[in-house]
Amino acid sequence: MTGLEHLAVLAAGLGAGVLTSTVGVASLLSFPVLLAVGIPPVVANASNTVGLVPAGLSGSWGYRAELRAHPRIAAAVIVTCALGSIAGATLLLTLPPGVFESVVPWLILFTCLLVGAQPTISRWLAARRRGPAPERHGMSPVTTAFSVLTGVYGGYFGAGSGVMMVAVLGLGTDLELRFVNALKTLAVLASNLVATVIFLVVADLDWTAILLLAAGSVVGGYVGARVGRRLPPTLFRVLIVVAGVTTAVVMLV
């Protein structure tokens, strides 16, 4: 890579770190930059995952107050996304490239629909309940299963996995969106961290790209957490939908 390409990857890491802790579509920015500087797709995908681990670490640290408020569900998110990520990383290394390319954009668009419609859906579900129901501050078996599936996708590719986790937690729990955002960042970290362990052992990696992404993303992740906890719920939901739709359109094109 040339000097300008180094700067481009570093800047991509910074931007991706901010996106990790806010709207959860970091790979939409960083992965295309790695391809643009000449890194092969599978190597770029694995290197991107490894390079964005610091974003998840710094972002989760930035959300530490929110995560401490719900330790049980935070632990459940870590376990489910970590287990799912093992399967996802294995799929990335064993399946032919592009197997899910035709399905993933539509999956992300459907997830965006769920995020946008979540308040209406939640009100409808509440109206169908008989009598007052306790607030859901834990993960039901259904929510747990979808969290595992989100981890699988995060380990396989990851673009839009944060959007998916917002939908899963938004519909499956009654947590405020700032807590959902914190847990989403933790979910991305868990998926990336487990996939990284696998990739370090068996995948081809570009260490120059990894170090540049890591340097930028560790700063961006913390900055994004500071921004994310101050986003009004409606604005946050709009940004999630816009980011998810953009990801899907880019993948379709």
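In this note's numbering, each residue carries its 1-based index in the sequence shown increased by 1165.
Glycine included, each C-beta is placed from N, C-alpha and C at the ideal position.
task = Please classify Val1190: does DSSP put it in a helix, a strand, or coil?
result = coil
query = Assuming Ser1223 and Gly1320 make a contact with CB atoms under 8 Å, what is their CB distance in whole Å?
reply = The pair is not a contact, with the Cβ atoms about 21 Å apart (cut-off 8 Å).
C-beta atoms of Leu1217 and Ala1252 nearer than 8 Å = no
key: Reduced DSSP category for Tyr1321 - H, G, I as helix; E, B as strand; rest coil   = helix
request  = Consult DSSP for Gly1203 and reduce its assignment to one of helix, strand or coil.
outcome  = coil
task = Note the first and the last residue of the continuous alpha helix (DSSP H) segment covering Tyr1228.
result = First-last for Tyr1228: undefined, no H or E at that position.
query = Does the stretch 1170-1187 touch the stretch 1308-1318, meaning 3 or more C-beta pairs lie closer than 8 Å?
reply = no
ask   = Excluding five sequence neighbours on each side, which residues of the same chain lie with their C-beta closer than 7 Å to the C-beta of Gly1393?
value = Ser1186, Thr1187 and Asn1346
key: Candidates Ala1310, Pro1206, Leu1175 and Trp1226: closest to Pro1261 by CA position   = Pro1206
Leu1232 versus Val1331: straight-line alpha-carbon distance, rounded = 15 Å
Where Gly1178 falls, given that 16 or more other Cβ within 10 Å makes a residue buried = buried
request  = Report the rounded CA-to-CA distance for Ala1173 versus Arg1301, giving the unit in angstroms.
outcome  = 43 Å
task = Would you decide whether Arg1343 is buried or exposed? Buried here means 16 or more other CB atoms lie within 10 Å of its CB.
result = buried
inquiry  = Considering only the alpha carbon of each residue, which of Ala1191, Pro1219, Gly1203 and Val1202 lies closest to Leu1358?
reply    = Pro1219
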